[in-house]
Every structure is written in C-alpha cells, then in structure tokens.
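Chains as they are written, first to last, in my numbering: chain L, 18 to 413; chain W, 1261 to 1606; chain P, 74 to 213.
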C-alpha cells in the first residue's frame, strides 16, 4: 500500500503545487515610506510575505556634491561636505580638511587636532544614539526613541556650545579650526577656543550618555521580543561583508575587527586608549550591540581627550587664499558609519580638479539585495534599519 | 411594550457610555504613553487635554474622504461599518454592575443577558476580522492587501486560542451567560479569598495574550505595522472612514478589557457596604477600576515592547498557546472531575 | 427560547449601522472634495503602481483558515459539554478527554507536516515533498 499511497500522495502534491502557484507581487517600498530613512526606493518581488528579490533604486537625493566641489573654493567646501552625512557632519569634514592640508604641506597644531578628535567622537556618539533610538522604533517600540534622543540633545548642546552649530558645525579650517567672530584683523585671526566650562559640561554629559546606554540596555538589549526580531536575522558573514565593501560597525559586527581609528593617524587616536568593538554574529542584533558599545568607547575616548588636551595655538599659518599645489591624495577617516574617504585631485589653483567622495552608506547599502534575498517583509525593515545608512550619504 | 422601552433605553445608554468611555480611553492612552516617554501628551483641548479625542474626531469629520481609483466601492464603504458594528455589539452582554431594584422591579446593569453569552462574544469578535480583511482587499492596493491577509491569519489563529482559554472558565462556573459567570465568582474560598477565576492562571495568561492579538495591539499590531506596511489595511482610508476604524479599535480594546474582568477578575464583585445607593454604585466602580487596570496593562505593554514578526506570531499562537490551552483543559477537566465527582475509581 | 433577549442586539445593530453610515454621510456632505488623479492613485510609496495587486495570495494564508475551522468547531463542542459537565460525570470527562487527545494528535500531525512553520518559503515546502520523484514513478 505504501508505494501506491505515496505515488498517489505525490500526484496530489504536484497537482496542488502547480495549481496553487501564486504569482509574485512587485512591491515598491519607498521612496515615500516610513522606514526607508528618507528617499530610498526598494523594488521588491514578494511572494506573500517573502521577498524573492530586491533591488535598491537610489538617486532621489542626489545633490551632485562631487560636481559642486569642482566649482567651489576649498574654503567653501567644508560647508558642503558636512551635509553629505548629516547625522555625523563633523566626522566627514575632517578627512577633507586633512586631505587639503596634506597636499599643501600644512599640519594643524596639536590642540586643534585634539579638538577635532573630541568633536568627531561627540558626533559619533550622537550618530550612534540616533541609531539606538530609531532602531527599536523600526521594530515597533516607540519608547526608546524619546529616552535616547533626549540624552542626545545634550550632546548636540555641547557641540553647539563649541561650534555654534548643532548639525552642521562647519568648524574646520585648513590649518586649524574656525576663527572667532570679531577676531581682529584678518591676518591675525583668533580661532575659536574651547568655551569656558565646556570641558566640565562635557564630563557631566558623558555621564548622562553612559546612563542612557544603560537605559538602552535595560529597555532594549535584553528584551526578548527585540532579540527574537534581530538575532539571526540578516546575517552577513565576515567574508561577504568584506566582499561588499562594508565598513564601520556593520563590518565589525560581522567579526572583522577593523577600525580606521587604529590605522589612520591624522587625529591623535594613537594617544588614547580604546577598544575596537566587534561581534562574531553578523546579524542585526550584533550590529545594534556593536553600536551601543561604541558609544561607551567613544565616551571613554572623549574623557581621556579632555584630560590630555594640550595648550597651544589653534591654527597653523595658512595663506589667506588657498591655492593647493598640483597633486592627488586619498584620505579616509572613521566616520560613525564606517570608512569615509576623499580622493582629491588638484591641478593647482583655488578649486579642486576632481573630488571623489567614498561615502560609507553607499557601500554599506550595496549588500541589501544579497542579504534580503529570501527574507520576510518585516525583516526587510529590521535589516535596513540595522545597516544604519543615511540617504544623503548614499546619493551624495 | 415596556420591555421594548427598557431595552431601547438601555441600548442607547450603552451606546453613549461606550463612546464616552472610548473618548476617555484614547486620551488616557495618549497621556500614559506620553508620560512613559518623557512627554506630556495632549494638554490643550479642555482641562488636561481631555477633549482632545473629540477635537480629533471633529477634525476628521471635516476632512476630505478620498475614494481611490481601484477600490471596490461598496465593500470599501461597508468595511468601516462592519468594523464598528461588532465592536458595539459585544458590549451588550457585559454586566457593568450588580442588579439594582427600584420600586420592586429589578434592573440589571447589563443590556441583555444572553444565555449563550460566551459564544456571542466569540462570534462578534471574529466578525471584526471581516472588516479588516475586506478593507484591505477592497482597497485595491498592495500594502493594505498585505495587512489584510496578515490580519485574517493572525486574528483567527488567536481566536482559537482565546476560545480554548475560556473552556475551563465555563467548566468552573457551569454557564455561558456572562451575568452567571460573574455571579458564580461572588463566592469566597476559606471565607475571605474572592473566588475569582484568576485561579485558572494559565487560562488567564492565554486569554490576555490572545486578547492583545485580537485587538491588534502592540506587540501584535502587525496588521497596521506602520514601519513595515505603512498602516496596513487602513492605508487607503481617510477622513471619518478612518476614524470609524480607529473608534472600533478602541471600543474593542475596552470590550476586551471588560471581558477579561468578567471572565477572570470577578466582574463587578467586590466588598459592598453602606446605604443602598452606595451598594449600587460600588460594583460599577469596581468594574471600571478593574477594567482600567487591564487597559493600563495594554498601554504599558505598548510602551515597552517591539513588534513581533509575522511568523513568530503565528508560531507562538499555534505552537505555544494552543497546546498549552489544550493541556490545561485536560488538567482542569480532571481537577474539576475529582472535586465534583470524587476519584474515578472510588 | 427567549428571543426577547436578542432585541437589544437588533437595536444596537441598527444603531451602529446608522451611526457609522450617518457619520460617513455627514462627513461626505461637509468635507471638501477635490479629487485629483495623483490623490486617487493607490498608495505605493509615491511610485505609480505598474501592476494590480495579485488576485491569488499564497495558499499558506488559507491553510490557517482551514486549521482554524477545525479548532473552532472543537471549541463549540467543548463549550456545550462544559456547561453541562455535572450531568455526565466521569464518563463525560473520559469521552471529552478522548476527543481532546484526537485533536492534540491532529495538531501534532499538522505541526509535523510543516503547516505551522511560517518562516519557510511555500514553494520550498512543496519541493521537499516532491523530491523523491523517480522512485515514486517506478512504484506507480
């Protein structure tokens, strides 16, 4: 009976499977969708709730920064580059300024470099806090958003206290940092120094940030539902991550402990003590966890830097009209989202000949089709959120 | 004729009461969630913002109601009505207080005491799924369609778990009338412990979890998961049509909390003392206090948990809740059997 | 049977329908109505949809409905017995227990068969059953 029965079963199963074939549905996710971080569009083929393939369509936010750079002077460029990745503006300013400085053979004084380091880390904290607040929101938990963003506001206040801008500090100048308003004659410009009481305020704020990470730990990290949604979801193995050019926390969450802060020393990262956080899993949970730990590491760095910051001038001598000698250079730095680099070609003169921006989110986004193949629609949101990209950074 | 008048008056009062409660409920939820999130919530309309919901309702009434191109017009328009009607119908069988006697006539504080109350409740709560499924399907758009198939699968799965959770309650109290169930919980254990059905703890837990899924509340709000499917079934609804869905959702929230109280927390039972009027009012107060405690649980969970994923939700329903309820029914069956009929071999 | 108890149900039904319909009607009369092609397009994140939503949805979702019917009917039987359980004594408990065991077995079968695994692509599931094809062809 069993063979005959099985044959019968088989025929019916085949009949069922043919008859009940359903066609895939093309689902446009974005550009106007609550969780695509702006204007990303994903064209997904879905079979019920399962995604069979997904294709990101980008360019809705293209602002042509690379081309704009060719018609702007070097001094004007800092205002532009910190708008590429608006969540971490300062961190993308620094490599550009360093590239120009290196081509011109100028080196910023030590105090300016330490200030750059502190601000970079503050922006890293702020950027990661945006992630730790909005990621649970994408999974449906609204409360962490308010608690974390509230503490982030204090970090932004610090940044504002120092630079005068919350998001777009525009604080770097070739050879140092921003001149103070009314700083005397142009030849003897006085740069903006750390305001009085700022260092103490920073110490206090860092304590609050640590408390906030603890709050995230208690509210989100150990949450069973949060784990169910993220552990083992969107797994990116280390080799795939390297192949697709992932960098930053996304790469480190795949078990590759690679941090540019340990390799590129245009800021005095070699003089502070911090760990490179990495996690072996490569899933959404690890990407969240790595970022949360990095906030703590950044706090560590900021606290050390506050103690170590030397006295001295804030600006090296630089010509009033910047003329960069002929040459080309690639400078990269560890943006909160990963490797952020500028390839600068100068033919001499006041404007760059070509500026290629290696933006982090663009490379991080490129793995989406691979990692989302076969995922469920809710996982799409979880994975997309965990990659933490900014659309301005993708489209430039 | 007198019966008819009493019934009509009770119905209208129940309807008005339900809407008042819901207006309050939305405000309470917004305030509590706001406090959980370091915010204030609505404070402007009326004292402490208490009229905010009314203001929102009025605003939606004056909003343009679009009927998109590809909808199936009649189903599309019927869906909001189909959402609201079962929601208001459930409340009819909920006893909100002890019966009161005025001039020799006894009036129950319950619109109607159906002898198949539990079945009626289950039937009406399954009706809600039609509204959502049809709303999503008739919208002729993809996100609502995803939402509606999700809802169909989710709500009916948890419907089964919910029904199973109620079987031990009926075994205990020996009736399916809601008034009877509350009545039966008036007894005490050892003379002081109230004999509420909360002693059927697994049933209570399963019922509460299923209730979250039935009302599409966080963490089971996949049907309208804003971050995934952009509002789900009501994506294409605007203006007052949307408001009707919203109303139905909150009425259901209140109904389900009230039913939990009726089935497991002794309904309006509680210590009653003092003059007659107080004896009428106290049970009502107990009922609403307990109900709002459950409502608070809803809000608290919403403020805490992320959303579950679809497959996890279904797996949880079918692989955890239903087997647990089945096993618990068998256990409860044997326990009740031993208590009532002695040991089977004796 | 006392149908009078259902009178409020009918009244409330009418009240509910009338309220909802009236509200929609009033809203339709007093609200502005300025349709435009863009406004009336189905929502698809700002992209003009090129394809109608599919008529057929994966069978998975309907399978749930069938399972539900099985379990819901069971619940009705259990209710009927639970109300009158005192009258049947241990005999009733034994027979309902047997009935329950059968249902648990059903659940086990469905579970084993993979109908409760939601995170599996529906086609992959069929392929798993269809896989040993040549051998079965011989047997037939």
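Note that CB positions come from ideal geometry on N, CA and C, so glycine has one too.
When the options are compared against residue i, the one with the closest alpha-carbon
| i | options | result |
| --- | --- | --- |
| residue 253 of chain L | L:114, L:382, L:69 and L:75 | L:382 |
| residue 1375 of chain W | W:1269, W:1454, W:1435 and W:1584 | W:1435 |
| residue 75 of chain L | L:46, L:193 and L:88 | L:46 |
| residue 1305 of chain W | W:1571, W:1544 and W:1315 | W:1315 |
| residue 85 of chain P | W:1393, W:1320, W:1350 and W:1284 | W:1350 |
| residue 190 of chain L | L:183, L:157 and L:121 | L:121 |
| residue 1554 of chain W | W:1464, W:1598 and W:1536 | W:1464 |
| residue 44 of chain L | W:1448, W:1596, W:1395 and W:1403 | W:1403 |
| residue 1512 of chain W | W:1363, W:1344, W:1439 and W:1549 | W:1344 |
| residue 240 of chain L | W:1441, W:1356, W:1567 and W:1333 | W:1567 |
| residue 1348 of chain W | W:1384, W:1337 and W:1368 | W:1384 |
Inter-residue spacing [alpha-carbon to alpha-carbon] between residue i and residue j
| i | j | result |
| --- | --- | --- |
| residue 115 of chain L | residue 106 of chain L | 15 Å |
| residue 1530 of chain W | residue 1520 of chain W | 16 Å |
| residue 232 of chain L | residue 1318 of chain W | 39 Å |
| residue 1424 of chain W | residue 81 of chain P | 28 Å |
| residue 143 of chain L | residue 213 of chain L | 22 Å |
| residue 215 of chain L | residue 396 of chain L | 43 Å |
| residue 1546 of chain W | residue 1445 of chain W | 14 Å |
| residue 1265 of chain W | residue 87 of chain P | 16 Å |
| residue 168 of chain L | residue 162 of chain L | 10 Å |
| residue 210 of chain P | residue 305 of chain L | Note that residue 210 of chain P scores a pLDDT of 44, beneath 50, so its modelled location is shaky and nothing firm can be said. |
| residue 219 of chain L | residue 135 of chain L | 10 Å |
| residue 91 of chain P | residue 1549 of chain W | 31 Å |
| residue 89 of chain L | residue 225 of chain L | 40 Å |
| residue 1262 of chain W | residue 1271 of chain W | 14 Å |
| residue 1335 of chain W | residue 1329 of chain W | 14 Å |
| residue 1536 of chain W | residue 1355 of chain W | 19 Å |
| residue 154 of chain L | residue 124 of chain L | 43 Å |
| residue 1286 of chain W | residue 1309 of chain W | 11 Å |
| residue 1518 of chain W | residue 1551 of chain W | 5 Å |
Contact set between residue i and chain W, taken where Cβ atoms lie within less than 8 Å
| i | result |
| --- | --- |
| residue 141 of chain P | 1416, 1417, 1419 and 1420 |
| residue 176 of chain P | 1586 |
Contacts around residue i, its chain only, beta-carbon distance under 7 Å, and the 5 residues preceding and following it disregarded
| i | result |
| --- | --- |
| residue 317 of chain L | 291 |
| residue 1283 of chain W | 1313 and 1314 |
| residue 1516 of chain W | 1471, 1474 and 1475 |
| residue 1294 of chain W | 1300 and 1301 |
| residue 1274 of chain W | 1351, 1352 and 1371 |
| residue 1527 of chain W | 1355, 1442, 1445, 1521 and 1547 |
| residue 1420 of chain W | 1582 |
| residue 54 of chain L | 406, 407 and 408 |
Beta-carbon neighbours of residue i, restricted to chain W and to distances below 7 Å
| i | result |
| --- | --- |
| residue 156 of chain P | 1430, 1434, 1435 and 1436 |
Close Cβ partners of residue i (< 6 Å) along its chain, the five nearest in sequence each way excluded
| i | result |
| --- | --- |
| residue 138 of chain L | 315, 318 and 319 |
| residue 1482 of chain W | 1410 and 1570 |
| residue 113 of chain L | 98 and 359 |
| residue 147 of chain P | 176 |
| residue 406 of chain L | 378, 381 and 382 |
Chain-ordered chain L contacts of residue i [CB-CB under 7 Å]
| i | result |
| --- | --- |
| residue 1490 of chain W | 50 and 51 |
Proximal residues of chain B, C-beta to C-beta of residue i below 8 Å
| i | result |
| --- | --- |
| residue 1527 of chain W | As a matter of chain content, chain B is missing from the structure shown, whose protein chains are L, W and P. |
Closer than 8 Å at the beta carbon, the chain P residues around residue i
| i | result |
| --- | --- |
| residue 1286 of chain W | Chain P residues near residue 1286 of chain W: none, gap ~16 Å exceeds 8 Å. |
Neighbouring residues, chain L, relative to residue i (Cβ below 9 Å)
| i | result |
| --- | --- |
| residue 1479 of chain W | 157, 158 and 242 |
Interface residues of chain W facing residue i [CB-CB closer than 9 Å]
| i | result |
| --- | --- |
| residue 116 of chain P | 1328, 1399, 1401, 1402, 1403, 1404, 1490, 1491, 1495 and 1496 |
| residue 246 of chain L | 1566, 1567, 1568, 1569 and 1572 |
Amino acids of chain P, ordered along the chain, whose beta-carbon sits closer than 9 Å to that of residue i
| i | result |
| --- | --- |
| residue 1509 of chain W | Residues of chain P passing the Cβ test: none, with the nearest at roughly 14 Å. |
| residue 1423 of chain W | 144, 145, 147, 148, 149, 151 and 152 |
Other residues of its chain near residue i: CB distance less than 8 Å, five sequence neighbours each side excluded
| i | result |
| --- | --- |
| residue 87 of chain L | 368, 369, 370, 371 and 372 |
| residue 1540 of chain W | 1357, 1358 and 1360 |
Per-residue contacts from residue i into chain P (C-beta, under 7 Å)
| i | result |
| --- | --- |
| residue 1501 of chain W | 97 |
(request) Scan the segment 1454-1477 of chain W for residues whose Cβ lies nearer than 9 Å to a Cβ of chain L and list them as they occur along the chain. (result) none
(request) May I ask you to list, following chain order, the residues of the segment 1288-1315 of chain W that have a beta carbon less than 8 Å from some beta carbon of chain L? (result) Result list: 1293, 1296, 1297, 1298 and 1299.
(message) Along the segment 100-113 of chain P, where does the CB come closer than 9 Å to a CB of chain W? Name the residues.
(response) 100, 101, 103, 104, 105, 106, 107, 108, 110, 112 and 113
(request) Select from the segment 48-68 of chain L all residues with a C-beta closer than 7 Å to any C-beta belonging to chain W, and list them in chain order. (result) 50, 51, 52 and 66
(request) Could you list the residues in the segment 1559-1582 of chain W with a C-beta less than 9 Å from some C-beta on chain L, going in chain order? (result) Result list: 1562, 1563, 1564, 1565, 1566, 1567, 1568, 1569, 1570, 1571 and 1572.
(request) Residues of the segment 391-407 of chain L with a CB closer than 9 Å to any CB of chain W: list them in chain order, please. (result) Going along the segment 391-407 of chain L in chain order, one finds 393, 394, 395, 396, 397, 398, 399 and 402 with a Cβ nearer than 9 Å to chain W.
(request) Would you list, in chain order, the members of the segment 144-174 of chain L that have their beta-carbon closer than 8 Å to a beta-carbon of chain W? (result) 153, 154, 155, 156, 157, 158, 159, 160, 162, 163, 164 and 167
(request) Determine which residues of the segment 1333-1344 of chain W have a Cβ less than 8 Å from any Cβ of chain P, and write them out in chain order. (result) 1337, 1340, 1341 and 1344
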